[in-house]
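Numbering (my numbering), first residue to last: 25 to 174.
Backbone N, C-alpha and C define an ideal beta-carbon position, used for all residues, glycine too.
Accompanying notes for the structure given below.
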Amino acid sequence: MDLTKVSMGEALQIALTQSGRSIDAVAEEMGWSPGQGYRFFNVNDAYWPPAHSIPRLCSVLGNTIILDWLNRNTAELCSLKGKPLSVSGCLRQISTLLERMGETSGVVGRIVEDDKITPAEARELTRKLTRMAADLFDFISSSERTGKIG
25 MDLTKVSMGE
35 ALQIALTQSG
45 RSIDAVAEEM
55 GWSPGQGYRF
65 FNVNDAYWPP
75 AHSIPRLCSV
85 LGNTIILDWL
95 NRNTAELCSL
105 KGKPLSVSGC
115 LRQISTLLER
125 MGETSGVVGR
135 IVEDDKITPA
145 EARELTRKLT
155 RMAADLFDFI
165 SSSERTGKIG
């Protein structure tokens, strides 16, 4: 699906549909009123969730369609002209990604040892995965924006 051809409202609706969840269930889990939920998922209403709630919303919906929409539409708007990403810059970004993966792996390892996940561990894991995804999107964006490395 080409997410550059749909609106933010349509991306929200697609994410909701693919989740298989109702607007009421999502709104309740997000701590929104039912009215807010219906407005957020109404393709004809330019009323969207606040940016800080998007990672949690993706988690509640069980997909990254909204993040994918943001990434693809941001890339479309950004100029593809720019300085090439240096080899050292590329390696630094890869190193950061690997560090984030290691941190996340440590959290998963603790959870596996206990064979249970506490609410605090779930929040920590979500934070680490979100940060890791953000770093990955930064790297991809840098690579796509410049069009080359070196």
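1. How is the alpha helix (DSSP H) around G61 delimited, first residue to last?
2. Could you name each continuous alpha helix (DSSP H) segment of 4 residues or more that falls completely within the region 61 to 92, going from the start of the chain to the end?
3. What are the boundary residues of the alpha helix (DSSP H) that includes I178?
4. Taking only the alpha-carbon atoms, compute the straight-line gap between C145 and P73 and give it to the nearest angstrom.
5. What's the call for I118, buried or exposed, on a 16-neighbour Cβ count within 10 Å?
6. Decide if the region 47 to 66 is in contact with the region 76 to 91; the criterion is three or more beta carbon pairs, one per stretch, under 8 angstroms apart.
7. Per DSSP, what kind of secondary structure is T142 in: helix, strand or coil?
8. Take I17 and list the residues in its own chain whose beta-carbon comes closer than 6 angstroms to its own, dropping the five residues that flank it on each side.
9. Using a Cβ-Cβ cutoff of less than 6 angstroms, which residues in the same chain neighbour Y71 once the five nearest sequence positions on both sides are dropped?
10. Going by other Cβ atoms of all chains shown within 10 Å of its Cβ, with 16 needed for buried, is I89 buried or exposed?
11. Exposed or buried, what is K29 when buried is set at 16 or more other beta-carbons lying within 10 Å of its beta-carbon?
12. Since D92 and L27 are thought to touch, with beta carbons under 8 angstroms apart, how far apart are those beta carbons, to the nearest angstrom?
13. Between N87 and Q42, is the Cβ-Cβ spacing less than 8 angstroms?
14. I think D162 touches R124, with their Cβ atoms under 8 angstroms apart; what is that distance to the nearest whole Å?
15. So, using beta-carbon positions, are E148 and V131 closer together than 8 angstroms?
Concretely, from the data shown:
1. 58 to 64
2. 78 to 85
3. It is not possible to answer for residue 178, since the shown part of the chain is limited to 25 through 174.
4. Looking at the sequence provided, one finds Glu at residue 145 rather than Cys. Distance between the alpha carbons of E145 and P73 is about 25 angstroms.
5. exposed
6. yes
7. coil
8. The requested residue 17 is not part of the displayed model; the chain covers only 25 to 174.
9. By the criterion of a C-beta distance shorter than 6 angstroms, Y71 is surrounded in its chain by R63, once the five residues flanking it on both sides are discounted.
10. Per the 10 Å Cβ criterion, buried.
11. exposed
12. 6 angstroms
13. Result yes, Cβ atoms of N87 and Q42 sit closer than 8 angstroms.
14. Contact flag wrong, Cβ pair sits at about 11 angstroms.
15. The answer is yes: Cβ separation under 8 angstroms.
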